[in-house]
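Visitor: The structure that follows is given in the form of structure tokens.
2 protein chains.
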Amino acid sequence: MSVLLTGAFGHVGTAITDRLGDDDRYEFTYLDRESHPDFDAHVADVADYEAIRPAFDGQDAVVHLAGNPSPGAPWGEILPSNIVGTYNVLEAARDAGAERVVFASTNHVMGEYRIDREPELYDGEPDLEVDHTDPPRPDSYYAVSKLFGEHLGRYYVEGEGTPERFYALRIGWVLDPEEDVPFGPPERRVAAGELERGTEEYRRAVNHWKAHWCSRRDVARLVDHTLQDESVAFDVFYARSASDHSWFDMDHARDVLGFEPVDDAEAHEPPT
Amino acid sequence: MSVLLTGAFGHVGTAITDRLGDDDRYEFTYLDRESHPDFDAHVADVADYEAIRPAFDGQDAVVHLAGNPSPGAPWGEILPSNIVGTYNVLEAARDAGAERVVFASTNHVMGEYRIDREPELYDGEPDLEVDHTDPPRPDSYYAVSKLFGEHLGRYYVEGEGTPERFYALRIGWVLDPEEDVPFGPPERRVAAGELERGTEEYRRAVNHWKAHWCSRRDVARLVDHTLQDESVAFDVFYARSASDHSWFDMDHARDVLGFEPVDDAEAHEPPT
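Same order as they appear, the protein sequences are chains A and B.
Numbered by this note's numbering, the letters in the first sequence go through residues 545 to 816 in order.
Numbered by this note's numbering, the letters in the second sequence go through residues 545 to 816 in order.
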């Protein structure tokens, strides 16, 4: 299977290539705004349709990860990268006849459920669960742009007929390799002097991390499941590792894709 | 209440001004891309933030109707009018401190439910109902852009805090005054020689009209209800007249806003 990765050299892209790059089932093509010392790549911005279009020729699948990943990004950055960019990727996928698109959405599309309940939400195991059928409550322009991408993907599948399959993954916290260890973000704040171990705030930060963590291994495995799936036309899944502190449903990914996380945030206890 | 109408001189805008223009409860300001012989207006395109911003000063409410209304419009027209335009309107409403925004969404956000079932869907009373909680299945870039507007409105209310209230109205067929009579669209096709009375196709076209018709009076009344409401922060409603042939829920508009249509498509029988 020929697979194009857009945003190939970001956190999720490298999580995929680290695990699947040498897998005989896949032949990857890389597209990124920046070049990489170890990989040949189409160096182009997804905001530029003509620049990215050649990378789509002959691809069976597109894993669309490119875009501004920041919930704090202003509209002026979200519009070209995440709205025009996602249109360009879907239009190029259609034009080139790609069969499937896997799209990096975000759990920030449900962010206001969390904000409504903070900080108590992370005192212990939360009495909240959202699944793919609950109404979105986006917390940012970034999150709105990811909902746009989900709906546009559904329109392409059902209205245009190409691609035939679209998988929206509402991904949690995928970190770089150095931080893909328990408590990276809380410990980074400890190191920066912003947070003190042993406090209530530290415990909440750890539980917050447990709720959202998606290990690099698990996100790559979930993408692998979507590339192998033959049942879905359009669907939405949360992407995270196992956690008693999370409020994002994983039953749907298990029922439809047979995906079970192998990493478990609860296996890790914070340093004292 | 000071109310700004964007797209004031379109079908929905004139339906509102025809019925509410002289109502003592409202003081309307008009914004449209084109001037009007009978009304003073801010003549500006919603794609241009600086041009529209002055019209928002001092407004209590914004009824945002401007945008490309065509389900067949290409992306290149939808992007500036409906995506950038709706961002500009919400940002101007926030910047000016408007309390509420009423947004013209569309029942095309559910269009693929219909397309899946055509033409049999309109043989009689359909065994299909969708409400505001069902997953959107947009049938066009136009429909995707309206879902974008719904989500952006929710983000502004919940994330930015201004406006405080946002009403998405998934409006059916609001016609111009000459066609706001039973069977305007089917009869137009008869007059054009595209459709023959008495045929199965004619009957389906009439039932399709019955399913989607929102009389000018009913859309103005529903907007009136949203302007008077004090209960909603964010919500989504279908906008249509009564019909046994429709598949869009109206219970939610009755339960939340106390809205009941006064026009009934079933009161009209097609000419023979």
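Ideal Cβ placement from N, Cα and C applies to all residues, glycine included.
In this text, all values refer to a predicted model and were calculated from it rather than measured experimentally.
1. Output the boundary residues of the alpha helix (DSSP H) element that contains V750(B).
2. How about R681(B) and E702(A): are their beta carbons less than 8 Å apart?
3. Give the DSSP bridge partners of H580(A), in chain order.
4. On the three-state DSSP scale, how would you describe F553(B)?
5. Taking only the alpha-carbon atoms, compute the straight-line gap between H695(B) and D678(B) and give it to the nearest angstrom.
6. Output, in chain order, the set of chain B residues within a Cβ distance shorter than 8 Å of W619(A).
7. What are the boundary residues of the beta strand (DSSP E) that includes D779(A)?
8. For the region 683-693 of chain A and the region 762-776 of chain A, state whether three or more C-beta atom pairs, one from each stretch, are separated by less than 8 Å.
9. Is the region 788-800 of chain A touching the region 668-678 of chain A, taking contact as three or more C-beta pairs under 8 Å?
10. Inspect the beta-carbon positions of L739(A) and H769(A) and report whether they are closer than 8 Å.
11. For T630(A), does the three-state DSSP call read helix, strand or coil?
12. List the endpoints of the continuous beta strand (DSSP E) containing F710(A).
13. In whole angstroms, what is the alpha-carbon distance linking A835(A) and N612(A)?
14. Check the DSSP bridge columns for E571(B) and list the partner residues they point to.
15. Measure how close the beta-carbons of V556(B) and L634(B) come, nearest whole angstrom, since I'm counting them as under 8 Å.
16. Short check: CB of R563(B) to CB of P663(B), under 8 Å?
17. Going by Cα to Cα distance, which pick from G742(B), Y782(B), A764(B) and A777(B) is closest to H756(B)?
18. Bridge partners for D808(B) per DSSP, in chain order?
19. Any chance the CB of R798(B) is under 7 Å from a heavy atom of the ligand FMN?
20. Which bits of chain A does P680(B) rub up against, with CB to CB less than 7 Å?
21. Let me know if P581(A) comes out buried or exposed under the rule of 16 or more other beta-carbons within 10 Å of its beta-carbon.
22. By DSSP's criteria, V674(A) is part of a beta bridge. Which residues make up the other side?
23. Any beta-carbon of chain A closer than 8 Å to the one on E656(B)?
24. Taking only beta carbons into account, state which residues of the region 576-591 of chain B come closer than 7 Å to chain A, listed in chain order.
25. Indicate the three-state DSSP secondary structure (helix, strand or coil) for F600(B) in the structure shown.
26. Hey, how far is the Cα of L548(A) from the Cα of E643(A)?
27. Near P618(B), what residues of its chain come up, given a Cβ to Cβ distance below 8 Å and the 5 sequence neighbours on each side ignored?
28. Check whether the Cβ atoms of P615(A) and D720(A) lie closer than 8 Å to each other.
29. Is the CB-CB distance between F553(A) and D576(A) below 8 Å?
30. Ends of the alpha helix (DSSP H) at T770(A)?
31. So which residues of chain B does E702(A) contact, with C-beta pairs closer than 7 Å?
32. Taking 8 Å as the threshold (C-beta atoms), are V606(A) and V653(A) in contact?
33. Please list, in chain order, the chain A residues whose beta carbon lies closer than 8 Å to that of E688(B).
34. Suppose the cutoff is 6 Å on Cβ atoms and the five residues either side in sequence are ignored; what does the same chain contact list for Y593(B) look like?
35. Do you know offhand how far T573(A)'s Cα is from A637(A)'s?
Guide: The answer reads as follows:
1. On the second sequence, position 206 is the one that residue 750(B) refers to. Start and end: E744 to H756.
2. The count along the second sequence starts at 1 and reaches residue 681(B) at position 137. The count along the first sequence starts at 1 and reaches residue 702(A) at position 158. In contact: R681(B) and E702(A) (Cβ atoms closer than 8 Å).
3. The residue labelled residue 580(A) in the question sits at position 36 within the first sequence. Partner residues in the beta bridge of H580(A), as assigned by DSSP, are F583(A).
4. On the second sequence, position 9 is the one that residue 553(B) refers to. If DSSP states are grouped into helix, strand and coil, F553(B) belongs with coil.
5. Against the second sequence, residue 695(B) aligns to sequence position 151. Against the second sequence, residue 678(B) aligns to sequence position 134. Going by the C-alpha atoms only, they are around 15 Å apart.
6. Taking the first sequence and counting its residues from 1, one reaches residue 619(A) at position 75. Going along chain B in sequence order, the residues near W619(A) (Cβ under 8 Å) are Y631 and E635.
7. In the first sequence, counting from the first residue as 1, residue 779(A) sits at position 235. Element bounds for D779(A): F778 to A783.
8. They do not touch, by the three-pair rule.
9. These segments touch.
10. Numbered from 1 along the first sequence, position 195 holds the residue referred to as residue 739(A). Numbered from 1 along the first sequence, position 225 holds the residue referred to as residue 769(A). With contacts defined as CB atoms closer than 8 Å, L739(A) and H769(A) fail to qualify as a contacting pair.
11. Locating residue 630(A) in the first sequence gives position 86, where the first residue counts as 1. The answer is helix: DSSP assigns T630(A) an H, G or I state.
12. Residue mapping note: residue 710(A) aligns to position 166 of the first sequence, counting from 1. Where F710(A) is concerned, the enclosing beta strand (DSSP E) starts and stops at R709 to I715.
13. Outside the displayed span of chain A (545 to 816) sits residue 835(A), for which this structure offers no information.
14. Counting from one through the second sequence, the residue named residue 571(B) turns up at place 27. Under DSSP, E571(B) shares a beta bridge with S546(B).
15. In the second sequence, residue 556(B) corresponds to position 12, counting from 1. In the second sequence, residue 634(B) corresponds to position 90, counting from 1. The Cβ separation is near 18 Å, so there is no contact.
16. For the purposes of this step, residue 563(B) is taken as residue 19 along the second sequence, with counting starting at 1. For the purposes of this step, residue 663(B) is taken as residue 119 along the second sequence, with counting starting at 1. Taking the C-beta atoms as reference points, P663(B) is found no nearer than 8 Å to R563(B).
17. Stepping through the second sequence from its first residue, residue 756(B) is reached at position 212. Ranking G742(B), Y782(B), A764(B) and A777(B) by Cα distance to H756(B) puts Y782(B) first.
18. Position 264 of the second sequence, counting from 1, holds the residue named residue 808(B). A786(B).
19. Of ligands this structure carries none, so the ligand FMN is not represented either.
20. Counting from 1 along the second sequence, the entry for residue 680(B) is found at position 136. Ordered by position in chain A, the residues that pass the 7 Å Cβ test against P680(B) are H695.
21. Along the first sequence, one-based indexing puts residue 581(A) at 37. Flag for P581(A) reads exposed.
22. Along the first sequence, one-based indexing puts residue 674(A) at 130. According to DSSP, V674(A) bridges with F792(A).
23. Taking the second sequence and counting its residues from 1, the one referred to as residue 656(B) is at position 112. Yes, E656(B) counts as interfacial toward chain A.
24. From the region 576-591 of chain B, no residue has a Cβ closer than 7 Å to chain A.
25. As a first step, residue 600(B) must be located in the second sequence, where it is residue number 56. Three-state DSSP puts F600(B) in a helix.
26. By 1-based counting over the first sequence, the position of residue 548(A) is 4. By 1-based counting over the first sequence, the position of residue 643(A) is 99. Rounded to the nearest angstrom, the two C-alpha atoms are 12 Å apart.
27. Locating residue 618(B) in the second sequence gives position 74, where the first residue counts as 1. Excluding sequence neighbours, P618(B) sits near Y685.
28. Your numbering for residue 615(A) matches position 71 in the first sequence. Your numbering for residue 720(A) matches position 176 in the first sequence. Contact: no.
29. Position 9 of the first sequence, counted from the first residue, corresponds to residue 553(A). Position 32 of the first sequence, counted from the first residue, corresponds to residue 576(A). Less than 8 Å divides the Cβ of F553(A) from the Cβ of D576(A).
30. The count along the first sequence starts at 1 and reaches residue 770(A) at position 226. For T770(A), the uninterrupted alpha helix (DSSP H) run begins and ends at R760 to Q772, by DSSP.
31. Translated into positions along the first sequence, residue 702(A) becomes position 158. Going along chain B in sequence order, the residues near E702(A) (Cβ under 7 Å) are E656 and R681.
32. Your numbering for residue 653(A) matches position 109 in the first sequence. Your numbering for residue 606(A) matches position 62 in the first sequence. In this structure, V606(A) does not lie closer than 8 Å to V653(A) by Cβ.
33. Start at 1 with the first residue of the second sequence, and residue 688(B) comes out as number 144. At residue 688(B) the sequence reads Val, which differs from the Glu that was named. Chain A residues near V688(B): F692, H695, L696 and Y699.
34. Position 49 of the second sequence, counted from the first residue, corresponds to residue 593(B). Excluding the 5 residues flanking it on each side, Y593(B) has same chain C-beta neighbours closer than 6 Å at N632, in chain order.
35. On the first sequence, residue 573(A) is found 29 positions in, with the first residue counted as 1. On the first sequence, residue 637(A) is found 93 positions in, with the first residue counted as 1. When rounded, the distance between both Cα atoms is 14 Å.
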